[in-house]
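Chemist:
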Amino acid sequence: HLAESGGGSVPAGGSLRLACEYTTRLSCLAWFRQASGKEREGVASITLGNTPTYADSVKDRVATSRDSAQWTVSLQMRSLRPEDTGIYYCAAARGGYCSESPTEYPFWGQGTQVTVSS
35 HLAESGGGSV
45 PAGGSLRLAC
55 EYTTRLSCLA
65 WFRQASGKER
75 EGVASITLGN
85 TPTYADSVKD
95 RVATSRDSAQ
105 WTVSLQMRSL
115 RPEDTGIYYC
125 AAARGGYCSE
135 SPTEYPFWGQ
145 GTQVTVSS
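Numbering follows the numbering used here, in which position 63 of the sequence shown is assigned residue number 97; successive positions increment by one, without gaps.
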């Protein structure tokens, strides 16, 4: 079970922090987003060993971290742009490798809306 929180509406240049609570300790936790009319794309991921990976489009503006004691993973986003608008999903998978493909993730949260206005 995965549950996201923290979405909302911000002006361009603003910041948001998303959180995802999980109930099963899986190796890879990832963030994906999907804009209206577009395919779901990876934003960031983090392994059980706390090694993060970021998409090129966001890597200088986001940071993800895992708090295993609290069973949460967070996504801190800054300098947000209108093109960051979309539904953000938390996903989880077994295995030591965090894939960039959403098809490799069997577990998903319900998503949280992020809207960045220009």
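A virtual CB, placed ideally from N, CA and C, is assigned to each residue, including glycine.
By alpha-carbon positions, which one of GLN110, SER91, TYR123 and ASP94 ends up nearest to TYR159?
Modeler: Only positions 35 to 152 of the chain appear in this structure, which leaves residue 159 out of reach.
Chemist: Have a look at SER70 and ALA103 and give me their C-alpha separation to the nearest angstrom.
Modeler: For the purposes of this step, residue 70 is taken as the residue at position 36 of the sequence shown. For the purposes of this step, residue 103 is taken as the residue at position 69 of the sequence shown. Those two C-alpha atoms are separated by around 35 Å.
Chemist: Between THR137 and GLN68, what straight-line distance do the alpha-carbon atoms span, to the nearest angstrom?
Modeler: Counting from 1 along the sequence shown, the entry for residue 137 is found at position 103. Counting from 1 along the sequence shown, the entry for residue 68 is found at position 34. C-alpha separation (whole angstroms): 14 Å.
Chemist: Taking DSSP as the reference, what is the three-state secondary structure of TRP73?
Modeler: The residue given as residue 73 occupies position 39 in the sequence shown. It should be noted that the sequence gives Glu, not Trp, for residue 73. Note: GLU73 maps to coil in three-state DSSP.
Chemist: Evaluate the contact criterion for the region 142-150 versus the region 75-84: three or more CB pairs, one atom per stretch, below 8 Å.
Modeler: The answer is no - the region 75-84 does not touch the region 142-150, with fewer than three Cβ pairs under 8 Å.
Chemist: Could you compute how far the alpha carbon of GLY41 sits from the alpha carbon of SER108?
Modeler: As a position in the sequence shown, residue 41 is number 7, starting the count at 1. As a position in the sequence shown, residue 108 is number 74, starting the count at 1. Near 12 Å, if we compare the C-alpha coordinates of SER108 and GLY41.
Chemist: Does the region 42-49 come into contact with the region 111-119, if we say contact requires no fewer than three beta-carbon pairs (one atom in each stretch) closer than 8 Å?
Modeler: Contact between the region 42-49 and the region 111-119 is present, because at least three Cβ pairs lie under 8 Å.
Chemist: Rounded C-beta distance between ALA64 and ALA125? I'm assuming under 8 Å.
Modeler: Residue numbering aside, residue 64 sits at position 30 when the sequence shown is read from its first letter. Residue numbering aside, residue 125 sits at position 91 when the sequence shown is read from its first letter. Their Cβ separation, rounded to whole angstroms, is 5 Å, which keeps ALA64 and ALA125 in contact under 8 Å.
Chemist: So GLU38 is in the beta strand (DSSP E); what residue range does that whole segment cover?
Modeler: As a first step, residue 38 must be located in the sequence shown, where it is residue number 4. It spans 36-39 - the beta strand (DSSP E) in which GLU38 sits, taken as one unbroken run.
Chemist: What number of angstroms, rounded off, separates the C-alpha of LYS72 from the C-alpha of PHE66?
Modeler: By one-based count along the sequence shown, residue 72 stands at place 38. By one-based count along the sequence shown, residue 66 stands at place 32. LYS72 and PHE66: Cα-Cα distance of roughly 12 Å.
Chemist: Can you pull the DSSP bridge partners for TYR53?
Modeler: The residue given as residue 53 occupies position 19 in the sequence shown. According to the sequence provided, residue 53 is Ala. The question's Tyr does not apply to it. Paired residue(s): SER39 and SER108.
Chemist: Hey, quick one: how far does the beta strand (DSSP E) through THR101 stretch, first residue to last?
Modeler: Reading the sequence shown from its first residue, position 67 is the one you call residue 101. Thr is not the amino acid found at residue 101; the sequence shown has Asp there. First-last of the beta strand (DSSP E) with ASP101: 96-101.
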